[in-house]
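There are 2 protein chains.
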Amino acid sequence: MLRRPLWAAAARPALERSPLVSITQVQRPVRRELEQVQVQLRELFRTPIPILNQVGGHVLATRGKKFRPTVLLLSAKLRGRLSADAIVAATVIEMVHAAALIHDDAVDKSGLRRGLPTVNGLWTDEMAIIMGDYLYAQAMATLVRHQLGHAMGVMARAVGEMSCGEALEFQYAYDPDVTEPQYEELIFAKTGSLIGAATEIGVGIGRTRDPRMLERYRRFGDHLGTAFQIVDDLFDYLADPQVTGKPVGSDLADGKITLPLIAALRDATERDRKTLRALALKKRWTPGQWDRLRTLIERAGGFAYARRRAQQIADQARALLAGEPRGVARQALERAIDYAVARDH
Amino acid sequence: MLRRPLWAAAARPALERSPLVSITQVQRPVRRELEQVQVQLRELFRTPIPILNQVGGHVLATRGKKFRPTVLLLSAKLRGRLSADAIVAATVIEMVHAAALIHDDAVDKSGLRRGLPTVNGLWTDEMAIIMGDYLYAQAMATLVRHQLGHAMGVMARAVGEMSCGEALEFQYAYDPDVTEPQYEELIFAKTGSLIGAATEIGVGIGRTRDPRMLERYRRFGDHLGTAFQIVDDLFDYLADPQVTGKPVGSDLADGKITLPLIAALRDATERDRKTLRALALKKRWTPGQWDRLRTLIERAGGFAYARRRAQQIADQARALLAGEPRGVARQALERAIDYAVARDH
């Protein structure tokens, strides 16, 4: 008899709220450019060092949905700036994202990402450090070569913010007293900042420099990325591991206290809070304990709260686009907002 | 009774050849600028994240001799370009060097550097990855902020080359068939490239762009750094651990096959080669085994060969300075060459 998977009970309410949006719909207006990004990635991952080529080949073969290049290209297109430079910048942002994930997986000791082995899983932590550094350096060198000065500054800022995010994650690990503002600061730094960099760089391509427009696009991306991460964090409790390629509870086991739990610990009854706290600080759960943990979060409204908050932030992102020219690019960016909050992986 | 330390027997011949040169002599003409570098480092290491400040404070307190900022500043001074920009660039190169060492120690699992605990030793490998990434990003952001475009390109290239060096080290680890050209490629990438970046950036400050001059200074630094590393690698066999803060044989135990051993494996008699090979592939040695290993290298002329090769490369570095204006800066750079080959740590 098949065991009912741990995540099954609560998965429905999380994913039923709105029909799923597919990334393909979001990417349609820049599909051709994304293919060019893929070609450039293959070129930039080629190195004179055999071992780096092996590792790089694996990284390239297991790349994901290219969400960051997509929103960069759409932001450029929305302002009529979809040039060769935009494609270079989109390629570079994907390299930076890949470098960050490789280091992140080594930091988290994750052996799998989207069900596929990570660099540290297949080789070693050492190789992950080296490969990430190599990609960061290649990313910067590519921007210098193409004289994309604005992109360089934005990218350096985002990489710094991402390491602050990782440091905060380290600092708040296994701390059940972490607050919602601390959590939001952390996920903004970890995820929002690079997506904010993507949209700001996209609109900044072409050398016109209206600081208010740059700022508005950056904030749009920051919000989009933050909403995206809240939903990602819901998956740790509610998603189907067959779809995400990641077992439920693995973030919590790593000490990541995310919004559903933060809200539940805040809003639960005194008695539930105590049980929840004790359960949250374990690193392994029996199916029964995990069920109980999830039920307590649900009862305190933790999942509903996190979904509401993601939606709120997504709405703020939408409002930041209100004055932009209508057309396929704007429509696709609005689709990207829907996608951030209504996806199953 | 005191035990005779393992390194004592051969230490004298290595270090007696020329009188030791102190780094203070090299640094005299840019002493004040180096103090400003220290002030800027303190500012740039300040972050909004408490844990990063703790780690950064430790890194700053245990920084070394500032060899790279020194040669950058001297190269700038030699061409009359010792401006505020030169100090910023010198600060940035020290940050990049610190980032590289932090990642390098995590890659090598070294708990000590110069006798002091490393970031991975005091915290974790994870924190070392995060801190290194943060410093790389701050370094790039600082160059962007000061619009040091040339420095940015050179720095990105050097960081890429350093990761190639780390990858080669990974690839050649515990391989007793590694050749001298492979070794030189590796140490150029690992050490030469950043010192070459320092001298090229130094001379490039001030926006005059004679490509042949940039190239000559880069090659000067490449040679200086490569000679420096050969001598560093001799220390693994011959130095006083009380002075270097590092036990003898720790590089070899990590699988680093360096020039004295490469030359000895090549030049030894058939019989000695076999013994040497077997001894070289161990990861721990009894004092007797270590003595035997060192005697065999000595007998095959490995130490003498490595010293000769370092001197040859240092002489090539000196020749590259031949046409430069005479004065305190040139004298100090020549002192830097002497220092690279005649130091005890």
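Protein chains in written order, with the working numbering: chain A, 1 to 345; chain B, 1 to 345.
Just so it is clear, CB atoms sit at the ideal spot from N, CA and C, and this is done for glycine as well.
CA-to-CA distance, residue j to residue i, given in whole angstroms
i	j	result
Leu162 (chain A)	Gly245 (chain A)	The displayed chain sequence assigns Met, not Leu, to residue 162 (chain A). For Met162 (chain A) and Gly245 (chain A), the distance between alpha carbons rounds to 24 angstroms.
Leu259 (chain A)	Tyr183 (chain A)	7 angstroms
Ile129 (chain A)	Arg326 (chain B)	43 angstroms
Gly160 (chain A)	Leu135 (chain B)	8 angstroms
Leu194 (chain B)	Asn53 (chain B)	26 angstroms
Ala278 (chain B)	Glu169 (chain A)	46 angstroms
Met140 (chain B)	Thr269 (chain A)	49 angstroms
Ala198 (chain A)	Ala310 (chain B)	47 angstroms
Ala280 (chain A)	Val107 (chain B)	33 angstroms
Val92 (chain A)	Pro211 (chain A)	22 angstroms
Lys66 (chain B)	Val21 (chain A)	54 angstroms
Arg335 (chain A)	Phe228 (chain A)	13 angstroms
Gln316 (chain B)	Arg68 (chain B)	19 angstroms
Arg81 (chain B)	Ala329 (chain B)	11 angstroms
Asp272 (chain B)	Leu265 (chain B)	8 angstroms
Gly221 (chain B)	Ala89 (chain A)	32 angstroms
Leu6 (chain B)	Lys282 (chain A)	Confidence is the limiting factor: at Leu6 (chain B) the pLDDT is only 40, short of 50, which leaves the residue's position unreliable and the question unanswerable from this model.
Met1 (chain A)	Pro287 (chain A)	Because the pLDDT of Met1 (chain A) is 37, which lies under 50, any placement of that residue in the model is unreliable, and the question is left without a value.
Lys77 (chain A)	Gln38 (chain A)	18 angstroms
Lys109 (chain A)	Arg299 (chain A)	32 angstroms
Ala99 (chain A)	Tyr305 (chain A)	32 angstroms
Thr275 (chain B)	Arg294 (chain B)	12 angstroms
Gly196 (chain A)	Val119 (chain A)	26 angstroms
Ala137 (chain A)	Ile187 (chain B)	18 angstroms
Glu324 (chain A)	His223 (chain B)	55 angstroms
Glu44 (chain B)	Arg145 (chain B)	Per the sequence presented here, residue 44 (chain B) reads as Leu, with Glu not at that position. When rounded, the distance between both Cα atoms is 12 angstroms.
Beta-bridge partners of residue i, as assigned by DSSP
i	result
Pro117 (chain B)	B:Leu112
Terminal residues of the alpha helix (DSSP H) in which residue i lies
i	result
Glu166 (chain A)	149-172
Pro325 (chain B)	No alpha helix (DSSP H) contains Pro325 (chain B), which DSSP labels as neither H nor E.
His223 (chain A)	211-238
His58 (chain B)	50-61
Lys274 (chain B)	270-280
Val30 (chain B)	No alpha helix (DSSP H) contains Val30 (chain B), which DSSP labels as neither H nor E.
Arg145 (chain A)	125-145
Gly196 (chain A)	193-204
Arg21 (chain B)	Note on residue identity: the sequence assigns Val, not Arg, to residue 21 (chain B). From DSSP, Val21 (chain B) is part of no alpha helix (DSSP H); its letter is neither H nor E.
Ser75 (chain B)	67-78
Thr244 (chain A)	241-244
Trp290 (chain B)	287-299
Leu259 (chain A)	259-267
Asp251 (chain B)	250-253
Leu181 (chain B)	For the record, residue 181 (chain B) in the displayed sequence is Pro; it is not Leu. It spans 180-187 - the alpha helix (DSSP H) in which Pro181 (chain B) sits, taken as one unbroken run.
Exposed unless 16 or more other CB atoms sit within 10 angstroms - verdict on residue i
i	result
Asp251 (chain B)	buried
Ser75 (chain A)	buried
Ala14 (chain A)	Because Ala14 (chain A) carries a pLDDT of 45, less than 50, the predicted location of this residue cannot be relied on, and no value is offered for it.
Arg113 (chain B)	buried
Leu116 (chain A)	exposed
Thr24 (chain B)	exposed
Asp175 (chain A)	exposed
Pro247 (chain B)	exposed
Glu166 (chain B)	buried
Gln27 (chain A)	buried
Pro48 (chain A)	exposed
Arg157 (chain B)	buried
Ala322 (chain A)	exposed
Asp177 (chain A)	exposed
Glu126 (chain B)	buried
Gly204 (chain A)	buried
Pro29 (chain B)	buried
Interface flag, residue i vs chain D, CB-CB below 8 angstroms
i	result
Met140 (chain B)	Annotation note: the requested chain D is absent from the structure, which comprises protein chains A and B.
Inset, instruction - May I ask you to list, following chain order, the residues of the segment 166-179 of chain B that have a beta carbon less than 7 angstroms from some beta carbon of chain A? - result: Glu166, Ala167, Leu168, Phe170, Gln171
Legend entry - Chain-ordered residues of the segment 66-88 of chain A with a beta carbon less than 8 angstroms from chain B: Of all residues in the segment 66-88 of chain A, none has a Cβ within less than 8 angstroms of some Cβ in chain B.
Inset, instruction - Using a Cβ-Cβ cut-off of less than 7 angstroms, list which residues of the segment 107-136 of chain A approach chain B; keep chain order. - result: Val107, Asp125, Glu126, Met127, Ile129, Ile130, Asp133, Tyr134, Tyr136
Inset, instruction - Identify each residue in the segment 280-295 of chain A for which the Cβ-Cβ distance to at least one residue of chain B is less than 9 angstroms, and report them in chain order. - result: none
Legend entry - Residues of the segment 38-63 of chain A whose Cβ lies closer than 9 angstroms to any Cβ of chain B, in chain order: Thr47, Pro48, Ile49, Pro50, Ile51, Leu52, Val55
Inset, instruction - Report the residues of the segment 93-104 of chain A with a CB closer than 7 angstroms to any CB of chain B, ordered along the chain. - result: His103
Legend entry - Interfacial residues, the segment 233-247 of chain A to chain B, with Cβ spacing under 8 angstroms: none
Inset, instruction - With 7 angstroms as the C-beta to C-beta threshold (strictly closer), list the residues of the segment 150-163 of chain B near chain A in chain order. - result: So the list reads Met152, Gly153, Ala156, Arg157, Val159, Gly160, Ser163, given in the order they occur along the chain.
Inset, instruction - Name, going along the chain, the residues of the segment 311-336 of chain B whose beta-carbon falls closer than 8 angstroms to a beta-carbon of chain A. - result: none
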